[in-house]
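Here the structure is laid out as structure tokens; the discussion comes afterwards.
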Amino acid sequence: MPEANTMTLFTRVSSGLALAVSVSFAAHAAPLNADQAQVARGEYLAHAGDCIACHTAHNGKPFAGGLPIQTPLGKIYSTNITPDTKTGIGTWSYEDFAALMRHGETKSGYAVYPAMPYPSYSRVNDTDMHALYAFFQHGVAPVDQVNRKNDIPWPLSMRWPLKIWRAAFAPAPAPYTDTARDSASITRGAYLVEGLGHCGSCHTPRGVGLQEKALTGNDSSIYLAGGGAIDGWIAPSLRNEHGGGLADWSEAEIVEFLRSGRTPRTASFGAMNDVIVDSTQYMTDQDLASIAKYLKSMPARRTQAKPYVYDSAISRVLYAGEVPPTPGAQIYLDRCAGCHKSNGNGNGKAFPALAGNAVLQTSNPTSAIHIVLSGGAMPATRTAPSRMTMAPYADVLNDQQVADVVSFVQTSWGNTGGKATAADVAKIRKTAQPVSAEGFSMAEPELHHAAPEDQASGGK
Ligand code: HEC
Ligand code: HEC
Ligand code: HEC
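Counted the way this note's numbering counts, the sequence shown spans residues 86 to 545.
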């Protein structure tokens with residue numbers, strides 16, 4: 086498949102279910118004194134940095150580590166960052182903590198694997214770093230749990246090459262002082278996205294040393310231009326561009342997506358579910374709006390890509406009950422149109438639109454193949470708790486049929502995505518696991534054709 090980059094990088098070995106661990110430091114009734122306010126602020130920042138996602142094992146205690154993380158070198162385990170004095174970071178001074186967050190250097194003097202996104206965290210300012218430290222010392226329950234050894238074979242397990250990596254690829258850390266932005270809100274958005282949010286660790290392509298090819302929007306236009314596959318899901322471009330970026334998204338839609346995991350246009354899946362559930366849903370509307378403003382301020386890298394324009398030709402044929410000769414059309418009508426509709430517009434926030442969906446505008450069909458094989462479940466968030474699901478089709482459709490229906494949705498209603506081949510599907514099938522959703526589940530509804538009026542509103 087074109088643009089294929091299915092290398093697996095620093096992926097959390099997860100069951101596909103988003104972590105939903107609540108932090109011990111909860112709501113406060115009485116007004117906070119200065120120390121408590123700093124700890125509360127640190128908790129907020131720990132959400133923004135999504136520390137819990139990597140530092141909590143499945144069914145494990147919050148921040149006690151032990152989550153396996155797959156790297157191309159082997160499996161490594163996240164560490165205990167609770168304030169336990171024997172097994173956690175309870176004896177770390179503020180300086181020890183800041184050195185780890187900015188330089189990737191532990192209290193005992195070795196360099197950590199860059200699976201810990203310290204090149205991004207190095208941008209956190211001193212005030213916020215102090216608040217984070219206060220939270221991890223005073224807001225988290227200590228857990229006595231010894232760190233696990235990494236499963237990386239010698240000699241790659243030697244830590245000294247990581248210092249060379251760091252010298253080559255990690256920036257000279259400096260407090261974030263960027264003022265050359267158009268507005269305070271964009272500056273705040275840049276601080277969150279490039280810093281604690283470490284959005285680039287998935288959304289920016291990586292180079293030969295597995296380093297992110299750019300760490301900030303000022304570095305180069307490859308920043309957030311779309312990354313490789315993570316667990317077989319593609320993290321698309323977050324730049325203000327057509328052909329798979331955020332050009333068609335309003336700032337309000339970006340905020341809604343990061344807060345709830347769904348908009349009428351799209352629904353979150355794959356690794357982004359964890360990001361929304363553990364991190365962005367906790368951010369204030371103001372911070373989410375700043376993130377949206379910053380993303381929308383990033384000029385297009387793919388300047389050739391054309392704006393999406395809804396094409397109703399296929400909808401009219403399908404609506405008339407005819408089956409166009411396009412391979413995959415019959416499968417779409419039988420298996421998919423009940424939810425996603427013959428006009429491709431889906432159904433509100435219950436079933437995402439496929440017409441104009443940014444995921445279906447790039448040459449790489451990996452995500453679409455994967456979701457058809459594995460199915461999907463929207464993340465459950467505070468503002469949108471229902472986990473609307475799509476059943477897996479791995480046992481129902483063969484490789485050619487999946488390729489046909491994926492090619493159909495990638496190229497119908499004006500979509501400009503690339504076609505899939507049976508060989509692409511066979512490759513992804515090897516590792517695709519059905520996505521399960523506890524609780525809410527939805528049976529395949531009766532086939533329902535959209536009213537013609539709906540068709541006119543296509544491709545919003
Ligand atoms: C994408 C996964 C990931 C995220 C997100 C992450 N970490 Fe880590 N962190 C790791 C891994 C993996 C290690 C261990 C690396 C190693 O052993 O080389 C680590 C190591 C650390 C250590 C060193 C602990 C020790 O005992 O040596 C600290 C402290 C730490 N992280 C703090 C944080 C904080 C604070 C956040 C949130 C702001 C955070 N991490 C977010 C993956 C992550
Ligand atoms: C662990 C990897 C990972 C991290 C970190 C991450 N994302 Fe994502 N993101 C993904 C994947 C995979 C997708 C594709 C699935 C989807 O569209 O829901 C995605 C999709 C998105 C989308 C929808 C794009 C579209 O075209 O449908 C937005 C917006 C987004 N991410 C914003 C962010 C922001 C902002 C951050 C940082 C706060 C971030 N992401 C951090 C993996 C990640
Ligand atoms: C029972 C209703 C239902 C049926 C039938 C269904 N889907 Fe879905 N589809 C969903 C839901 C719900 C999501 C969102 C899942 C998520 O967020 O993980 C989704 C997501 C998707 C996405 C990703 C878009 C996005 O923004 O999340 C694609 C592509 C897709 N479906 C294609 C198909 C195809 C092709 C078929 C038929 C083979 C199909 N779907 C059948 C409900 C359905």
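Think of the CB as a built atom: it goes at the ideal place given N, C-alpha and C, for glycine as much as any other residue.
Taking the C-alpha atoms as reference points, what is the distance between residue i and residue j?
i, j, result
"Val394", "Gly294", "39 Å"
"Ser335", "Ala377", "8 Å"
"Ala310", "Asn303", "13 Å"
"Pro392", "Leu247", "43 Å"
"Phe220", "Asn442", "39 Å"
"Asp27", "His327", "With the chain represented from 86 up to 545, any question about residue 27 goes unanswered, as that position is not in the structure."
"His288", "Arg324", "10 Å"
"Arg187", "Tyr179", "12 Å"
"Pro437", "Tyr195", "46 Å"
"Asp213", "Val124", "10 Å"
"Tyr276", "Ile361", "18 Å"
"Thr474", "Ala465", "11 Å"
"Thr516", "Ala469", "29 Å"
"Thr191", "Gly313", "29 Å"
"Trp352", "Gln495", "In the sequence as presented, Trp is not what sits at residue 352; that position holds Ala. So the two alpha carbons sit approximately 16 Å from each other."
"Asp396", "Phe354", "26 Å"
"Ile161", "Phe148", "16 Å"
"Asp359", "Tyr478", "23 Å"
"Thr172", "Ile166", "8 Å"
"Ala138", "Gly460", "22 Å"
"Gln230", "His140", "12 Å"
"Gln446", "Gly175", "48 Å"
"Met383", "Met357", "20 Å"
With residue i as the anchor, note down where its alpha helix (DSSP H) starts and where it stops.
i, result
"Ile454", "451-459"
"Gly134", "119-134"
"Arg165", "In the sequence on display, residue 165 carries Asn and not Arg. No alpha helix (DSSP H) contains Asn165, which DSSP labels as neither H nor E."
"His283", "Careful: His283 lies outside any alpha helix (DSSP H) and carries neither H nor E."
"Asn358", "356-363"
"Cys424", "422-425"
"Arg187", "179-188"
"Lys146", "Premise fails: Lys146 is in no alpha helix (DSSP H) and is neither H nor E."
"Tyr203", "203-206"
"Thr212", "211-223"
"Ala377", "370-381"
"Lys512", "507-514"
"Gln486", "484-496"
"Leu552", "Because the chain spans 86 through 545 in this model, residue 552 falls outside it and cannot be assessed."
"Val444", "Unbroken run through Val444: none, as it is neither H nor E."
"Phe342", "336-345"
Could you give the first and the last residue of the continuous beta strand (DSSP E) run that contains residue i?
i, result
"Gly159", "159-162"
"Pro153", "153-156"
For residue i, which residues from the same chain have a beta carbon less than 6 Å from its beta carbon, with the 5 sequence-adjacent residues on both sides left out?
i, result
"Val402", "Pro409"
"Thr164", "Gly150, Asn232"
"Ser286", "Pro202"
"Gln222", "Pro168"
"Pro142", "At residue 142 the sequence reads Ala, which differs from the Pro that was named. So the list reads Gly151, Leu152, once near-sequence residues are dropped."
"Ser306", "Arg386"
"Phe110", "Residue placement at Phe110 is poorly supported in this model, since its pLDDT is 43, which falls under 50; the coordinates still yield a value, given next. Answer for Phe110: Glu128, Gly224, listed in chain order."
"Thr451", "Ala314, Ile319"
"Ser375", "Ser270, Arg273, Gly274"
Out of the options, which has the shortest C-alpha to C-alpha gap to residue i?
i, options, result
"Asp372", "His132, Pro116, Gln121", "His132"
"Ala507", "Thr191, Leu458, Thr496, Thr466", "Leu458"
"Ser385", "Lys504, Ser163, Gly329", "Looking at the sequence shown, residue 385 is not Ser but Ala. Among Lys504, Ser163, Gly329, the Cα nearest to that of Ala385 is on Gly329."
"Ser345", "Ala119, Thr516, Arg467, Met214", "Arg467"
"Asp236", "Thr212, Ser286, Gln230, Leu158", "Leu158"
"Ala200", "Ser492, His143, His283", "His283"
"Ala269", "Gly406, Ser364, Tyr379", "Tyr379"
"Val490", "Ile456, Gly280, Gly461", "Ile456"
"Gln518", "Thr170, Gly317, Val225, Phe182", "Gly317"
"Ala414", "Gln121, Gly499, Arg273, Phe493", "Phe493"
"Gly145", "Asn118, Ala216, Ile174, Ala226", "Ala226"
"Tyr218", "Lys381, Thr451, Gly134", "Gly134"
Ignore the nearest five residues each way along the sequence and tell me which others in residue i's own chain have a CB closer than 8 Å to its CB.
i, result
"Leu418", "Leu403, Val408, Ser427, Leu532"
"Ala511", "Asp484"
"Ala405", "none"
"Glu341", "Arg347, Thr348"
"Leu331", "Ser322, Leu323, Arg324, Asn325, Ile339, Leu380, Lys381, Ala443"
Return the chain-ordered list of same chain residues with a C-beta closer than 7 Å to the C-beta of residue i, the five sequence neighbours on each side being excluded.
i, result
"Ser193", "none"
"Lys234", "none"
How about residue i: is its C-beta nearer than 9 Å to some C-beta of chain C?
i, result
"Val278", "Of the chains in the structure shown, none is chain C; there is only one protein chain."
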